[in-house]
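Here is the structure we will look at, set down as structure tokens.
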Amino acid sequence: MTLISKALVRIANSFVSVLGSLILVFCIIYLLPGDPVLSMIDPSVATPEMIENLRRELGLDQPFYVQFVEYFTAILHGDFGQSLINSDPVLPKILMHFSATLILTLTSTIFSIVIGVTLGVLSAIYRNKWIDILARLVGLFGISMPTFWSGILLILIFSVNLNWLPAMGSDDWKTLILPSLALGFVGAGLIIRMVRTSMLEVVNEQFIVTLRAKGLSERVVMYRHALRNALIPAITIIGMNIGEMMAGTVVIETVFSRQGIGRIIADAIMAKDLPVIQGVIFFSAIVYVIINLLVDLSYSVIDPRVRRSH
Amino acid sequence: MSQLLDIQQLKVDFTTKDGYLTAIRDVSFQIKAGETVCIVGESGSGKTVASKSIMRLIDYENGKIADGDIRLNDVDLTQLSQRELRAIRGKKMAMIFQEPMAAFDPVFTIGNQIIETILAHKQSSTEKARKRAIYLLQRVGISDAELRLKQYPNELSGGMLQRAMIAMALALGPDLLIADEPTTALDVTIQSQILQLLQELKTEFGMSILLITHDMGIAAEVADRIIVMYAGGIVEQATTLQLFESPHHPYTHGLLQSVTTIDSDRSKKLFSIEGSIPGLSDLPSGCRFHPRCPYATERCLNEAPPLLDVNNRKSACWYSEELVKNDSWKKPTLQTTSDLQRPRKKEQPREKLFTIQELSKFYPLGNRTFSGTSSFVRAVDNVSFTIEKGETFGLVGESGSGKSTLGRVLLQLEKASGGKVLFQDQDLSKLSNKELRETRKHMQMIYQDPYGSVNPRWKVGDIIGEPLQVHQSLTKKEKRIRVQELLEAVGLNKNSSERYPHEFSGGQRQRVAIARAIALNPQFILADEAVSALDVSVQAQIVNLMQELQNDLDLTYLFIAHGLNIVRHISDRIGVMYLGQLVEIAPSEELFKHPAHHYTRGLIGSIPIADPRHQREIISIHGEIPSPANPPSGCRFHTRCPAATARCREEQPLFREIDSGHWAACHHPA
Chain B
1 MTLISKALVR IANSFVSVLG SLILVFCIIY LLPGDPVLSM IDPSVATPEM
51 IENLRRELGL DQPFYVQFVE YFTAILHGDF GQSLINSDPV LPKILMHFSA
101 TLILTLTSTI FSIVIGVTLG VLSAIYRNKW IDILARLVGL FGISMPTFWS
151 GILLILIFSV NLNWLPAMGS DDWKTLILPS LALGFVGAGL IIRMVRTSML
201 EVVNEQFIVT LRAKGLSERV VMYRHALRNA LIPAITIIGM NIGEMMAGTV
251 VIETVFSRQG IGRIIADAIM AKDLPVIQGV IFFSAIVYVI INLLVDLSYS
301 VIDPRVRRSH
Chain E
1 MSQLLDIQQL KVDFTTKDGY LTAIRDVSFQ IKAGETVCIV GESGSGKTVA
51 SKSIMRLIDY ENGKIADGDI RLNDVDLTQL SQRELRAIRG KKMAMIFQEP
101 MAAFDPVFTI GNQIIETILA HKQSSTEKAR KRAIYLLQRV GISDAELRLK
151 QYPNELSGGM LQRAMIAMAL ALGPDLLIAD EPTTALDVTI QSQILQLLQE
201 LKTEFGMSIL LITHDMGIAA EVADRIIVMY AGGIVEQATT LQLFESPHHP
251 YTHGLLQSVT TIDSDRSKKL FSIEGSIPGL SDLPSGCRFH PRCPYATERC
301 LNEAPPLLDV NNRKSACWYS EELVKNDSWK KPTLQTTSDL QRPRKKEQPR
351 EKLFTIQELS KFYPLGNRTF SGTSSFVRAV DNVSFTIEKG ETFGLVGESG
401 SGKSTLGRVL LQLEKASGGK VLFQDQDLSK LSNKELRETR KHMQMIYQDP
451 YGSVNPRWKV GDIIGEPLQV HQSLTKKEKR IRVQELLEAV GLNKNSSERY
501 PHEFSGGQRQ RVAIARAIAL NPQFILADEA VSALDVSVQA QIVNLMQELQ
551 NDLDLTYLFI AHGLNIVRHI SDRIGVMYLG QLVEIAPSEE LFKHPAHHYT
601 RGLIGSIPIA DPRHQREIIS IHGEIPSPAN PPSGCRFHTR CPAATARCRE
651 EQPLFREIDS GHWAACHHPA
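Structure (structure tokens):
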């Protein structure tokens, strides 16, 4: 199969995933306990008629499937509904704040890859030396520390004590550093471990002996050959990790008081603002699917066995 | 003439958790310019360590040269830094390895990897290096060199990759080429081609070759001199002719006796050296070979013999001179023990155990929803034959010929795409799952890899006992007794049931696998390359065991292997497969004496002969087996056949009986 037809199959699969997530999101929200109408108006002042009217207005009195079909057609038209709290349309709101979250996710990802791959490789090359022990410690902390805790710790050290970086806000690039560190740290921990393990596996492969026997320098053997082979399994982790980080922004944006989609959904959940919750989840699902699609396709770039397998 | 390579008193240690372990010691030998020297010995003898030490590759594997020196063109390699060594590695000395598939980096193209080698050693433009790479690939017999340059290792066959590996090794015209079992992973036809290529290139590039092999036939064919290693030391060193005419060390003698040839007596038991090679951590005292040596004395037990000069050669045995004079020493290569009574050949037609009718197995190729085509890999294509009760049916052919698939379909491990398999007149494909499970008791399997085919976390007793548990309701005690019986039957200590597989050697593990296979007293055993991964002498032990069990338990075997001599020895009848089809069936000796199909002739002609005086007439097959997804028209072998005519290209030959019991599918049988 050619690369293009392979990509087409993947893209088709992605559509199925997106549709599936749409149905899932809708079902979960539908089954959620609590009445959204009651959270919109104070039942102590509103008459039963007012409540009924509002319910009818929102279409919440319709059966499940009718609601779903309406929701689905609306989405196809780009209409994600309005916030129940302040009647703002959902889509523009998401789009406005999404860039901030995307940038945070991106910087965190870059941070986690740089730290993860570097330490992972060094850790494998200098196995059981001090740098290996350090890298494994970093990995252990990264995986075990919850982001809200490491976030607060970073604020405490770099903002409160050292006063180097701002503790909150989302105005300039300086405000990005601490949240990216906190968020990227988890991913870095996973990537360190993955890269270390797969590097150690790769350096025991027969072809490494061949490369040395050809008279190549250790630098070339390790960084040109071994690393590229070791990255293949690491990419899976990196891809999965991006999704984790998007989810992590919910906590991080709150801890660092940043604008962003994580904040919006945190607020919406508190206020039971269903259209916003649905919109954000659905939107995130699409992004997640796109990222995984890119990860899948990147395999073919890095690993020729995937590219031309028969 | 001065020596190209001069190794003196080499000792190599490996660091382990428990301190140093000496892998080889007192290894001294020389190689002259233009000479081919072979190191032979069983696995664990230290031959690979010796070769990797020359390249100083052991430095990367926790090894270090503890003593001695290695001079290449009078430069002592043991004194050089890794940096200085890099300039020599790949340039003055190069190496090729056993598994060509594993020896290339899978994520770079072949061209990339060859060019990289050239650029690492000399100032050259990428374009010039690329031209050189194309020239080299063409020289080693790879067609479409420019295309191959852009391909990745997974897109080339094993034989092609080994050629590319040779091209890469020759890129800078090394003085010394070290080849570590370069053909062991390849088919006998390709092996023959590669060996011939190496011989040609040796003269052309004016280099010396150090070839490491376990195959005495290969050594006989290519070596000028042979070094025999055992348990980390050299036991004998002589010219090839000397060594084969009159081996001086009992180990060499044993190795030569273990060789099966195409004219050895099949009614005799295969010779094998008793016991197995000792581990490095528990080497015996004195002469390290003494526990396995039939001539060992008190002296051998206490004093290690040095490599002594005897009759113009070197031998590390106290008694070489006396032994050679002894008459019993000159006995022919096969044991004349009467331990083994081969089954009396019943003249009347025997009962048929398996009847295979027009059996096919196709695998769909690629994703058909998008490409719209429906192509198939025709792994087994319209095969019919019978296996008689009590016989051993051998199945040979190159890899990709469909032998293993045929075996698996026979046992219903895979579903046939067409045709029938009758087991005792019962159509296996018609059975329900439950009935099939019941029938499976009678059909068992022994696999190639004794490491991979048993669960490493199970005790041997449980592994052997599992079939009993599945098919029989025995009490715990009955089961334990049965397991002990089985262990004894395969020649293992009956108390080993509490041990784990990793505590056993490869040969012993294969015995465990055999014990498991015979646990339910089956009628039929499929042995798929069951001895291929083992050393010659262990191979002989396993084959002897299988034959003994066949006599005792009235077993029928389907013996799949690519080692032709061993198949000839064990089989009553042999089937030859090519591209999914049976091309010839004949009684074992008849097949080797009068092969009718040109493919069979080529296969037999490719076997290296363990006799340096005998120059093999080269009737080796050219080229490689085509893809079974797109087999040639007419006779599938016509593309490689020396006798092919226009008719062969168009008309598929019928599988017909050309002599009593001798079938072949050829328009022009030899």
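Those protein sequence lines, which keep their order, are chains B and E. The first sequence begins at 1 in the UniProt record's numbering and counts up one residue at a time. The second sequence begins at 1 in the UniProt record's numbering and counts up one residue at a time. Cβ atoms here follow ideal geometry from the backbone N, Cα and C, with glycine treated the same way. Model, not experiment: these values are computed from the prediction.
Can you check which of these residues, B/Ser150, B/Ser44, B/Asn229 and B/Met96, is closest to tyrosine 299 of chain B by C-alpha distance? B/Asn229
If you draw a straight line from the alpha carbon of isoleucine 302 of chain B to that of valine 295 of chain B, how long is it in whole angstroms? 11 Å
Burial state of threonine 336 of chain E (16 or more Cβ within 10 Å): Low per-residue confidence applies at threonine 336 of chain E: pLDDT is 41, beneath 50, and the placement is therefore not dependable, though the value from the model is reported in the following sentence. With fewer than 16 Cβ atoms within 10 Å of its Cβ, threonine 336 of chain E is classed as exposed.
Could you spell out where the alpha helix (DSSP H) holding methionine 240 of chain B opens and where it closes? 227 to 255
Is it a yes or a no for the stretch 87 to 99 of chain B touching the stretch 244 to 261 of chain B, going by three-plus beta-carbon pairs under 8 Å? yes
Please report the Cβ distance between serine 404 of chain E and aspartate 528 of chain E, rounded to the nearest whole angstrom; I am assuming they are in contact, meaning their Cβ atoms lie under 8 Å. 6 Å
At least three beta-carbon pairs within less than 8 Å, the stretch 4 to 15 of chain E to the stretch 63 to 73 of chain E: Result yes; three or more Cβ-Cβ pairs closer than 8 Å.
Distance check for arginine 83 of chain E and glutamine 8 of chain E, CA to CA, integer angstroms please. Roughly 23 Å separates the two Cα atoms.
What's the gap between the Cα of glycine 461 of chain E and the Cα of serine 285 of chain E? 33 Å
Threonine 240 of chain E: buried (16+ other C-beta within 10 angstroms of its C-beta) or exposed? buried
Range of the contiguous alpha helix (DSSP H) that encloses phenylalanine 205 of chain E: 188 to 205
Does serine 258 of chain E pass the burial test, meaning 16 or more other C-beta atoms within 10 Å, or should it be called exposed? buried
Whole beta strand (DSSP E) runs in the stretch 432 to 514 of chain E with 3 or more residues, listed along the chain? 443 to 446
Buried or exposed (CB count within 10 angstroms, at least 16 for buried), serine 112 of chain B: Buried.
For arginine 573 of chain E, report the span of its beta strand (DSSP E) as first-last. 573 to 578
Looking at chain B, which residues of the stretch 42 to 66 of chain E have a Cβ within less than 7 Å of any of its Cβ atoms? Met55, Leu57 and Tyr60
Nearest to serine 208 of chain E by alpha carbon, out of E/Leu177, E/Asp263, E/Leu186 and E/Thr48? E/Leu177
Could you tell me whether the Cβ of arginine 196 of chain B comes closer than 8 Å to any Cβ of chain E? no
Whole-Å CB distance - threonine 213 of chain E paired with glutamate 245 of chain E, under 8 Å assumed: Between glutamate 245 of chain E and threonine 213 of chain E the Cβ distance is about 19 Å, and since that is not below 8 Å, they are no contact.
Between glycine 254 of chain E and chain B, is any beta-carbon pair separated by less than 8 Å? no
Where the alpha helix (DSSP H) containing serine 180 of chain B begins and where it ends: 174 to 202
In this structure, does DSSP put isoleucine 658 of chain E in helix, strand or coil? DSSP places isoleucine 658 of chain E in strand when its eight states are reduced to three.
If the cut is a Cβ gap below 7 Å, which residues of chain B does proline 632 of chain E touch? Neighbours of proline 632 of chain E on chain B: none; closest Cβ ~19 Å, over 7 Å.
When you compare only the Cα positions, how much space is there between residue 313 of chain B and isoleucine 143 of chain B? Residue coverage of chain B in this structure runs from 1 to 310, which leaves residue 313 of chain B outside it and unanswerable.
When you compare only the Cα positions, how much space is there between glutamine 547 of chain E and tyrosine 578 of chain E? 27 Å
Along the chain, where does the beta strand (DSSP E) containing phenylalanine 97 of chain E start, and where does it finish? That residue, phenylalanine 97 of chain E, is in no beta strand (DSSP E); it is neither H nor E in DSSP.
Euclidean distance between Cα positions of tyrosine 71 of chain B and leucine 24 of chain B: 13 Å
Close Cβ partners of isoleucine 134 of chain E (< 7 Å) along its chain, the five nearest in sequence each way excluded: Ala145, Glu146 and Leu149
Please name the residue, chosen from B/Tyr223, B/Ile290 and B/Val280, that lies closest to isoleucine 94 of chain B on a Cα-to-Cα basis. B/Val280
How far does the beta strand (DSSP E) with lysine 420 of chain E in it extend, from its first residue to its last? 418 to 423
Beta-carbon separation (whole angstroms), tyrosine 295 of chain E vs proline 250 of chain E, contact threshold 8 Å: That pair is a contact at about 5 Å.
Is it the case that the Cβ atoms of glutamate 221 of chain E and valine 228 of chain E are separated by a distance below 8 Å? no
CA-to-CA distance, arginine 266 of chain E to serine 338 of chain E, given in whole angstroms: Any answer about serine 338 of chain E is weak, because its pLDDT of 40 lies below 50 and its placement is not dependable; what the coordinates show is given next. Roughly 13 Å separates the two Cα atoms.
Does the distance from the C-beta atom of leucine 558 of chain E to that of phenylalanine 393 of chain E stay below 8 Å? yes
Buried or exposed: where does proline 332 of chain E fall if 16 or more other Cβ atoms within 10 Å of its Cβ makes it buried? Note that proline 332 of chain E has pLDDT 44, beneath the 50 cutoff, so the model's placement of it is unreliable and no number is given.
Hey, would you say valine 37 of chain B sits closer than 8 Å to arginine 56 of chain B, going by beta carbons? no
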